[in-house]
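Novice:
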Ligand code: NAD
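Residue numbers (the working numbering): 120 to 586.
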């Protein structure tokens, strides 16, 4: 069955690569219709999966996909145009260009945390670049995965886009085929398995992974604003966001003030004073009991080793609920400071000198993103210059991925390759170098054997003149 789908797509990809701009534009418009016509069902599916608040679904899953499509529609003609490049003197008479051809048949593997956005946004790039795509969504977000499968089946032919539902065994089965590109979003652990399987066919991969993204708040920051933004970023999707602030470094002189402000902002945003967070429609649940228990275990282990919960700490394993939690005095050996948290728990670490923070970050795998709240240009420049991360945001959190002009992706443990806008289009394209020889081409004979003394003199002159 899987083999048949793959072979049909392989066959169809040969047809698809001949299609002009207008056909790809049509495909993008179909995707747009798919999203816009089914907003209510999409919101409902995400609510069933993990009680994702409707506003968050509209903003982070639907609006962001619609925006990606609109951006692709606006720029597609330019993206598809071959790019002329200049010609070195030695090659006078030739013309060169880069043509962006479809890769062919691509495999797209997506996670559960933004199940609609993280499936559809890369799909927009893959379709814009003229590919056939097999999609394997997450088995955890089963309502959204099943809805996406039905919608794709309704709007697209299976030779073009096909959904395969299932768990890790299904992904493993798909990985047996020699895809032209694999775009994987998920954990670093599984990312390694994907890359290993891709290596067998020398298939290029884009790995959009996670990790521990730090936030720094220094003394010069606008603390009110920083607290409000940080509270929002950590509670969005109940912390189940790849670019969520994982842990916080705050200058020791403002630690008490800032943690009070953070608590205030969390309470205000989620109406915590009314004590009804568990039934709040503005706060998502964990995706499964397993994920809830993992977080409860991380906190318990840290507390048993001496950490102190300064806010929150509520949980209900049965209801997949974890309340926003601030925790400090965490021993360095605690897993809370080793694993990606991926939940609404924020470790707070006081610091004295910025150099300590830089050393701490550089001592660990490179993060997907680094956040800094500061009004000191000198300190901001120092952190940007002396650390490496997939992205960086100054005086805000998360929002860099909403700028479609910026490439999105990780570095080292947090991933490889880029998505969004033209960067996504290029990821799903092969940059083909095309050189056309002209009438002056016959002069190239000077470089062919026999290598006479005159030709030797000629090549030595070229080296000397650096032509
Ligand atoms: P996951 O790696 O467990 O699962 C992702 C996909 O891989 C799913 O489709 C799943 O079925 C498949 N999979 C799981 N185990 C597999 C195996 N053994 N072999 C083959 N396939 C397997 O990730 P998740 O829990 O769904 O998502 C959370 C992780 O994703 C976090 O680490 C988060 O930071 C990361 N993430 C990254 C981004 C990004 O853009 N960089 C976005 C969202 C999530």
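Just so you know, even glycine gets a beta-carbon here, dropped at the ideal spot from N, CA and C.
Do three or more CB pairs link the segment 470-482 to the segment 340-358 at distances below 8 Å?
Specialist: In short, these stretches do not touch, since the Cβ pair count stays below three.
Novice: Which of the three DSSP states, helix, strand or coil, is assigned to residue 515?
Specialist: Residue state, collapsed to three classes: coil.
Novice: The beta strand (DSSP E) with residue 326 in it runs from where to where?
Specialist: Where residue 326 is concerned, the enclosing beta strand (DSSP E) stretches over 324-327.
Novice: Can you tell me whether residue 587 sits near the ligand NAD, meaning its C-beta is under 7 Å from at least one heavy atom of the ligand?
Specialist: Because the chain is modelled from 120 through 586, residue 587 falls outside the range shown and cannot be assessed.
Novice: Heavy atom of the ligand NAD less than 7 Å from the Cβ of residue 228, yes or no?
Specialist: Under cutoff, so the answer is yes.
Novice: For the beta strand (DSSP E) containing residue 444, name the first residue and the last one.
Specialist: Element bounds for residue 444: 444-447.
Novice: With 16 other CB atoms within 10 Å as the buried threshold, where does residue 331 fall?
Specialist: That one is buried.
Novice: Looking only at C-alpha atoms, which of 285, 396 and 240 sits nearest to residue 261?
Specialist: Out of 285, 396 and 240, 285 has the C-alpha closest to the C-alpha of residue 261.
Novice: Check whether the segment 180-197 touches the segment 139-156, counting contact only when three or more Cβ pairs, one atom from each stretch, lie closer than 8 Å.
Specialist: Touching, yes.
Novice: Report the CB separation of residue 411 from residue 428 in whole angstroms; it is logged as a contact under 8 Å.
Specialist: Actually they do not touch by this definition, with Cβ atoms about 17 Å apart.
Novice: Would you check whether the ligand NAD has a heavy atom nearer than 7 Å to the C-beta of residue 237?
Specialist: For the ligand NAD, at least one heavy atom lies less than 7 Å from the Cβ of residue 237.
Novice: To which residues does DSSP link residue 435 through a beta bridge?
Specialist: Answer by DSSP bridge pairing, in chain order: 440.
Novice: Using only the heavy atoms of the ligand NAD, determine whether one of them is closer than 7 Å to the beta carbon of residue 366.
Specialist: Not so, every heavy atom of the ligand NAD lies at least 7 Å from the Cβ.
Novice: Could you compute how far the alpha carbon of residue 236 sits from the alpha carbon of residue 440?
Specialist: Looking at the two C-alpha atoms, the distance is approximately 23 Å.
Novice: Bridge partners for residue 383 per DSSP, in chain order?
Specialist: None, per the DSSP bridge assignment.
Novice: If you measure from the CB of residue 327, is any heavy atom of the ligand NAD nearer than 7 Å?
Specialist: Checking every heavy atom of the ligand NAD against the Cβ of residue 327, one is found closer than 7 Å.
Novice: May I ask you to report which of helix, strand or coil DSSP gives residue 485?
Specialist: Of the three classes helix, strand and coil, the one that applies to residue 485 here is coil, per DSSP.
Novice: Heavy atom of the ligand NAD less than 7 Å from the Cβ of residue 232, yes or no?
Specialist: Residue 232: yes, Cβ under 7 Å from the ligand NAD.
Novice: Among the residues of its own chain, which have a CB less than 7 Å from the CB of residue 218, if the five just before and after it don't count?
Specialist: If we look at residue 218 and ignore the five residues flanking it on each side, its Cβ neighbours are 201, 551 and 553.
Novice: Short check: CB of residue 302 to CB of residue 334, under 8 Å?
Specialist: Not closer than 8 Å, so no.
Novice: Which of helix, strand or coil does DSSP assign to residue 289?
Specialist: Looking at residue 289 - three-state DSSP - the assignment turns out to be helix.
Novice: So does residue 487 have its beta carbon nearer than 7 Å to some heavy atom of the ligand NAD?
Specialist: Yes, the Cβ of residue 487 comes within 7 Å of a heavy atom of the ligand NAD.
Novice: Residue 549 to residue 565, Cα distance in whole Å?
Specialist: The alpha-carbon atoms of residue 549 and residue 565 are separated by roughly 33 Å.
Novice: Can you say whether residue 244 is buried or exposed, counting buried as having 16 or more other CB atoms within 10 angstroms of its CB?
Specialist: With 16 or more Cβ atoms within 10 Å of its Cβ, residue 244 is classed as buried.
Novice: What is the residue span of the alpha helix (DSSP H) that residue 132 lies within?
Specialist: Per DSSP, residue 132 belongs to the alpha helix (DSSP H) from 121-135.
Novice: By Cβ distance, which residues of its chain are closer than 6 Å to residue 190, with the 5 residues on each side in sequence left out?
Specialist: Cβ within range, chain order: 523 and 540.
Novice: Counting only the same chain and skipping the five closest in sequence on each side, list residues whose C-beta sits under 7 Å from that of residue 388.
Specialist: Here the set comprises 350, 351 and 354.
Novice: Which complete alpha helix (DSSP H) runs does the segment 141-211 hold, if anything under 4 residues is left out?
Specialist: Segments of the alpha helix (DSSP H) lying fully in the segment 141-211: 158-169 and 183-199.
Novice: Quick one, which of 435, 337 and 545 has its alpha-carbon nearest residue 372's?
Specialist: Closest option to residue 372, Cα to Cα, is 337.
Novice: Buried or exposed, going by whether 16 or more other CB atoms sit within 10 Å of the CB of residue 365?
Specialist: When all chains shown are included, residue 365 counts as buried.
Novice: Looking only at its chain, what residues have a beta carbon closer than 7 Å to the beta carbon of residue 506, apart from the 5 residues adjacent to it on each side?
Specialist: These residues qualify, in order along the chain: 477, 480, 481 and 489.
Novice: Rank 390, 259 and 281 by C-alpha distance to the C-alpha of residue 268 and give the top, closest one.
Specialist: Out of 390, 259 and 281, 281 has the C-alpha closest to the C-alpha of residue 268.
Novice: Can you tell me whether residue 370 is helix, strand or coil according to DSSP?
Specialist: Note: residue 370 maps to strand in three-state DSSP.
Novice: Within a Cβ cutoff of 8 Å, which residues of the same chain sit near residue 209, ignoring the five residues on either side of it in sequence?
Specialist: Correct list, in chain order: 581 and 586.
Novice: For the ligand NAD, I want to know if residue 630 counts as a neighbour, meaning its beta carbon is within less than 7 Å of at least one of the ligand's heavy atoms.
Specialist: A question about residue 630 goes unanswered here, because the residues of the chain that appear run from 120 up to 586.
Novice: Do you know how far the Cα of residue 384 is from the Cα of residue 426?
Specialist: Cα-Cα distance, rounded: 23 Å.
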